[in-house]
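Right, one structure below, let's go through it.
There are 2 protein chains.
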Amino acid sequence: MANSATTTAAVPSTAERILDAAEDLFAEKGYSATSLGDVADRVGIRSPSLYNHFKNKEALYEAVLERLLADFSAPLAELNGGPVTNERVFSWLETIVRQHHANPNLARLLQHAALSGGPHTNELIDRLFRPMFQSDARIDGDSITLFRDTGLQPWAVMAFNNLVMSYVTMAPMYRDLLGQDPFSEEALENQLNLIKMLLLAVFEYKGSSPSAT
Amino acid sequence: MANSATTTAAVPSTAERILDAAEDLFAEKGYSATSLGDVADRVGIRSPSLYNHFKNKEALYEAVLERLLADFSAPLAELNGGPVTNERVFSWLETIVRQHHANPNLARLLQHAALSGGPHTNELIDRLFRPMFQSDARIDGDSITLFRDTGLQPWAVMAFNNLVMSYVTMAPMYRDLLGQDPFSEEALENQLNLIKMLLLAVFEYKGSSPSAT
DNA sequence: AGGGGCAATGTGAATAATCGCGCCTCTTAA
DNA sequence: TTAAGAGGCGCGATTATTCACATTGCCCCT
Chain H
10 MANSATTTAA VPSTAERILD AAEDLFAEKG YSATSLGDVA DRVGIRSPSL
60 YNHFKNKEAL YEAVLERLLA DFSAPLAELN GGPVTNERVF SWLETIVRQH
110 HANPNLARLL QHAALSGGPH TNELIDRLFR PMFQSDARID GDSITLFRDT
160 GLQPWAVMAF NNLVMSYVTM APMYRDLLGQ DPFSEEALEN QLNLIKMLLL
210 AVFEYKGSSP SAT
Chain V
10 MANSATTTAA VPSTAERILD AAEDLFAEKG YSATSLGDVA DRVGIRSPSL
60 YNHFKNKEAL YEAVLERLLA DFSAPLAELN GGPVTNERVF SWLETIVRQH
110 HANPNLARLL QHAALSGGPH TNELIDRLFR PMFQSDARID GDSITLFRDT
160 GLQPWAVMAF NNLVMSYVTM APMYRDLLGQ DPFSEEALEN QLNLIKMLLL
210 AVFEYKGSSP SAT
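Line by line, the protein sequences give chains H and V. Just so you know, the first sequence maps onto residues 10 to 222 in the working numbering. Just so you know, the second sequence maps onto residues 10 to 222 in the working numbering.
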């Protein structure tokens, strides 16, 4: 079977190993603070060799983003593919929680982009979040009386998104603070239960909005 | 001569102007990505002059942290000064929301520290969050049945904290996404209402936990 | 009153390290 | 043989930091 067709799929190619290393480093330090030397070191090559695979630093960053976006856009597209019911919101939230838990790098990268900018930040926003508010993907129906009349809907959606993402971006702090690995299986279940309960509480909340100022 | 030195009531000293500039830049770009040249440029002096006021870059960063912590530790200390009732939790949350709204730099700095580390990160955690879980500052009483038996209490507290902080760290993204200034007065009221309603929903939620069934 | 120190605060120049990046050569496998 | 990939080398820019100076205002001694 040593055919000379293509041997790229079986063993991770150098380009893929560069992408892996760059993704981790960009997520940790942000775009500008990440040096190509660091990336090359982690791959085990010299930094000039990176230019055999990517045009320059920005192209590498772009490739990292592209790969991440391909994975993370799917659940939202699927949610937008049908009516937004409570169960579908539940399952959407559970999916993205598990996704961010399995790979925290997109959330971290996004947080860096929100704080410091960097290349392709606008594209990042457009492809990850804009579809939430442009299509019919608004939480509607008879179940949510909480946000209907106060104009909080987009903010509420973003709040739940923040809940998921900040869990990941703050994870190193939690490790120290609570003495538990935030990416363990039990921590994932904890996080899922907490978010589910919050969402349930919101769904079932029938009280009046706090008009007191 | 082209100096816009309209000296108001209190003339900020050079050291204070350096602190102001450094705080903004550290919050935006993080510790390592902020250059002393940038800081000096914003103050209007040359970078070697910074060394007349601070020993080195790390000492400057430390001074920035110290000034921020002095402001932001007060509400938590006050909450810990008495029994943790619902109303006191409400008012604590409102206070920190308003504080982060008035000065978003601590949240941004903290997010950078959580992502990339940097000097004094552990001290930052200790002084801002550790007191929440070391003293009696746990949400107790008969009102919160939601988290009592599932061991989620610390995670729930941090979740609300994240809600507040990620609003700030994600603000630039919101500006683009929702077409509204996240730091306007109305946006502040929105954010306050949303968090209050979430907290209320949690307080009044009487359903069974999903894992208990 | 006058001037000699002196600390505080600014500056430009210089240094060593690191950065992104491109040119060129060598190795290796089909 | 050939071409892709890895590495050596170095350029130019930027970094934090130090140093030698210039300038200012203030205290003290005569």
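Here a beta-carbon is modelled for each residue, glycine too, at the ideal position from N, C-alpha and C.
Residue i versus residue j - alpha carbon distance
i                 : j                 : result
Val-73 (chain V)  : Glu-25 (chain V)  : 10 Å
Phe-142 (chain H) : Phe-99 (chain H)  : 18 Å
Ala-223 (chain H) : Leu-34 (chain V)  : Here chain H comprises residues numbered 10 to 222, so residue 223 (chain H) is not present and cannot be evaluated.
Met-179 (chain H) : Phe-192 (chain H) : 12 Å
Tyr-60 (chain V)  : Arg-51 (chain V)  : 16 Å
Asn-114 (chain V) : Ala-36 (chain H)  : 21 Å
Glu-75 (chain H)  : Leu-77 (chain V)  : 37 Å
Leu-118 (chain V) : Ala-111 (chain V) : 15 Å
Asp-135 (chain V) : Asn-95 (chain H)  : 39 Å
Ala-86 (chain V)  : Arg-107 (chain V) : 16 Å
Glu-132 (chain V) : Ala-68 (chain H)  : 37 Å
Glu-194 (chain H) : Thr-130 (chain V) : 26 Å
Tyr-40 (chain H)  : Leu-209 (chain H) : 38 Å
Asp-80 (chain H)  : Pro-181 (chain V) : 24 Å
Spatially closest choice to residue i from the options, by CA coordinates
i                 : options                                       : result
Gly-127 (chain H) : V:Lys-38, V:Pro-21, V:Leu-28 and V:Asp-29     : V:Lys-38
Ser-22 (chain V)  : V:Leu-209, V:Gly-53, V:Ala-36 and V:Tyr-40    : V:Gly-53
Leu-186 (chain H) : V:Glu-198, V:Arg-76, V:Ser-175 and V:Met-167  : V:Met-167
Asp-29 (chain H)  : H:Ala-42, H:Ser-58, H:Tyr-70 and H:Pro-163    : H:Tyr-70
Asn-65 (chain H)  : H:Gly-90, H:Ala-86, H:Leu-77 and H:Ala-31     : H:Ala-31
Tyr-176 (chain H) : V:Leu-77, V:Gln-120 and V:Phe-81              : V:Gln-120
Asn-199 (chain H) : V:Pro-163, V:Thr-43, V:Leu-77 and V:Ser-82    : V:Pro-163
Ser-82 (chain H)  : H:Ser-58, H:Glu-96, H:His-62 and H:His-109    : H:His-109
Leu-203 (chain H) : H:Leu-172, H:Leu-133 and H:Ala-68             : H:Leu-172
Phe-63 (chain H)  : H:Arg-139, H:Leu-137, H:Phe-169 and H:Ile-27  : H:Ile-27
Ala-165 (chain V) : V:Glu-194, V:Glu-132, V:Val-211 and V:His-129 : V:Val-211
Ala-42 (chain H)  : V:Pro-140, V:Ser-125 and V:Leu-201            : V:Ser-125
Contacts that residue i makes with chain H (C-beta to C-beta distance below 9 Å)
i                 : result
Glu-244 (chain V) : Limits of chain V in this structure are 10 at one end and 222 at the other, which puts residue 244 (chain V) out of reach.
Spatial neighbours of residue i in its chain, beta-carbon cut-off 6 Å, leaving aside the 5 residues before and after
i                 : result
Ser-56 (chain V)  : Leu-45, Gly-46 and Ala-49
Tyr-183 (chain V) : Pro-191
Thr-104 (chain H) : Pro-84
Gly-91 (chain H)  : none
Ala-18 (chain H)  : Only weak support exists for where Ala-18 (chain H) lies, its pLDDT of 39 falling under 50; the value from the coordinates is given anyway. Same-chain partners within the cutoff: there are none.
Contacts of residue i in chain H (Cβ-Cβ under 7 Å)
i                 : result
Thr-178 (chain V) : Gln-120, Ala-123 and Leu-124
Ala-168 (chain V) : Leu-172 and Leu-203
Cross-chain neighbours of residue i in chain H, by beta carbon under 8 Å
i                 : result
Asn-112 (chain V) : What Asn-112 (chain V) touches in chain H: nothing, since even the nearest Cβ is about 15 Å away.
Asn-171 (chain V) : Asn-171, Leu-172, Ser-175, Tyr-176 and Met-179
Phe-138 (chain V) : Met-182 and Leu-186
Ser-41 (chain V)  : Lys-38 and Ala-42
Residue i: contacting residues in chain V (beta-carbon distance under 8 Å)
i                 : result
Arg-288 (chain H) : For residue 288 (chain H) there is no data in the structure shown, the boundaries of chain H being 10 and 222.
Asn-131 (chain H) : Asp-185
Ile-134 (chain H) : Met-182, Asp-185 and Leu-186
Phe-142 (chain H) : Leu-186 and Leu-187
Sequence-distant residues of its chain with Cβ nearer than 7 Å to residue i (five each side left out)
i                 : result
Gln-189 (chain H) : Ala-196
Ala-235 (chain V) : Because chain V here runs from 10 to 222, residue 235 (chain V) falls outside it and cannot be looked at.
Leu-201 (chain V) : Glu-103 and Val-106
Ser-58 (chain V)  : Ala-49
Arg-97 (chain H)  : Leu-88 and Gly-91
Glu-213 (chain H) : none
Other residues of its chain near residue i: CB distance less than 8 Å, five sequence neighbours each side excluded
i                 : result
Phe-138 (chain V) : Met-167 and Asn-170
Leu-207 (chain H) : Phe-169 and Leu-172
Lys-205 (chain V) : Phe-99, Leu-102 and Glu-103
Interface residues of chain V facing residue i [CB-CB closer than 9 Å]
i                : result
Glu-86 (chain H) : With the sequence shown as reference, residue 86 (chain H) is identified as Ala, and Glu is not the correct amino acid for it. Correct list: empty, because the minimum Cβ distance to chain V is about 18 Å.
Partners in chain V for residue i, counting only beta-carbon separations shorter than 7 Å
i                 : result
Val-106 (chain H) : Ordered by position in chain V, no residue passes the 7 Å Cβ test against Val-106 (chain H), which lies about 12 Å from the chain.
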